[in-house]
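Report on the structure given below.
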Amino acid sequence: MSIFKPDRFLKHYRDLDLDVLKEEGVSHIFMDIDNTLAPYYEKTADKEARDFIHKLQNAGFVIVLVSNNKQERVKTFADSLKLPYRYFALKPLPFTYRSLLKKYGIKKSRAICIGDQLLTDVLGAHFAGIRVFLTKPLVDKDSFSTRINRRIEKLIMRNWQ
Ligand SMILES: [Mg+2]
33 MSIFKPDRFL KHYRDLDLDV LKEEGVSHIF MDIDNTLAPY YEKTADKEAR DFIHKLQNAG
93 FVIVLVSNNK QERVKTFADS LKLPYRYFAL KPLPFTYRSL LKKYGIKKSR AICIGDQLLT
153 DVLGAHFAGI RVFLTKPLVD KDSFSTRINR RIEKLIMRNW Q
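First residue of the sequence shown? That's 33 in our numbering, and the numbers climb one at a time after it.
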């Protein structure tokens with residue numbers, strides 16, 4: 033299986049099946065922000081994202097936001113959800129994910145990553161040995177650096193079913 037290929041595809045974060053995750057023994061969810069939980073130009077989480085995060089927390093999952101974006105953006109967004117976060121995560125480098133596994137003292141199999149980009153979220157999770165679910169980007173608008181990544185994504189995904 034290609035290192036780029038997500039372990040699961042989701043149309044939207046709301047399609048995450050919590051019962052399946054529980055059965056699989058997942059306890060921690062490392063989530064991307066931009067275009068996964070909110071468009072990059074929205075400073076705070078909307079009601080749907082807040083309700084979703086509360087649902088995950090009520091089901092017993094630990095959520096950490098993991099973003100390549102800068103501190104101010106990530107902190108402001110994470111604070112609107114009262115979630116722990118890692119900014120400037122340097123995905124696809126695996127170090128941030130690995131340090132989270134260590135911090136929480138969990139095996140790779142207890143975590144999943146969720147994100148919207150192959151070249152950062154999917155590759156980074158797989159380099160760290162963690163499963164990753166790919167969501168469709170929430171909106172068509174991307175930041176400049178992401179627009180370049182999208183072109184490469186298209187080339188990679190061309191050969192998929
Ligand atoms: Mg993203």
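Note that the Cβ used here is the ideal one computed from N, Cα and C, for glycine as well.
* At which residues does the alpha helix (DSSP H) containing Gly147 begin and terminate? -> Stepping through the sequence shown from its first residue, residue 147 is reached at position 115. Per DSSP, Gly147 belongs to no alpha helix (DSSP H); it is in the beta strand (DSSP E), Ala143 to Gly147.
* Asked: Below 8 Å between beta carbons: does that hold for Leu113 and Ile146?
  -> As a first step, residue 113 must be located in the sequence shown, where it is residue number 81. As a first step, residue 146 must be located in the sequence shown, where it is residue number 114. It is not a contact, given that the beta carbons lie outside the stated cut-off.
* Best match in Asp172, Val154, Asp47 and Phe159 for proximity to Ile188 [C-alpha to C-alpha] -> By one-based count along the sequence shown, residue 188 stands at place 156. It is Val154 whose Cα lies nearest to the Cα of Ile188.
* Cβ separation of Leu50 and Ala91, assumed to be a contact under 8 Å, to the nearest whole Å -> Within the sequence shown, numbered from 1, the residue matching residue 50 stands at position 18. Within the sequence shown, numbered from 1, the residue matching residue 91 stands at position 59. Contact annotation, Leu50 with Ala91: C-beta distance approximately 5 Å; criterion of less than 8 Å satisfied.
* Just to confirm, does Gln149 get its C-beta within under 7 Å of one of the non-hydrogen atoms of ligand 1? -> Position 117 of the sequence shown holds residue 149. Within the cutoff, so yes.
* Do Thr167 and Leu42 come within 8 Å of each other at the CB atom, strictly closer than that value? -> Here residue 42 refers to the residue found at position 10 of the sequence shown. Here residue 167 refers to the residue found at position 135 of the sequence shown. Yes, these two residues count as a Cβ contact at 8 Å.
* Asked: DSSP puts Gly61 in a beta bridge; with which residues?
  -> Along the sequence shown, read from residue 1 onward, the residue named residue 61 stands at position 29. Per the sequence shown, residue 61 should be read as Ile rather than Gly. DSSP lists Ile95 and Ile144 as the beta-bridge partner residues of Ile61.
* Evaluate the contact criterion for the region 46-61 versus the region 175-188: three or more CB pairs, one atom per stretch, below 8 Å. => As far as the Cβ criterion goes, the region 46-61 does not touch the region 175-188, which means the pair count is below three.
* So, is the C-beta of Gly92 closer than 8 Å to a C-beta in chain C? -> The displayed structure is made up of one protein chain only, and chain C is not part of it.
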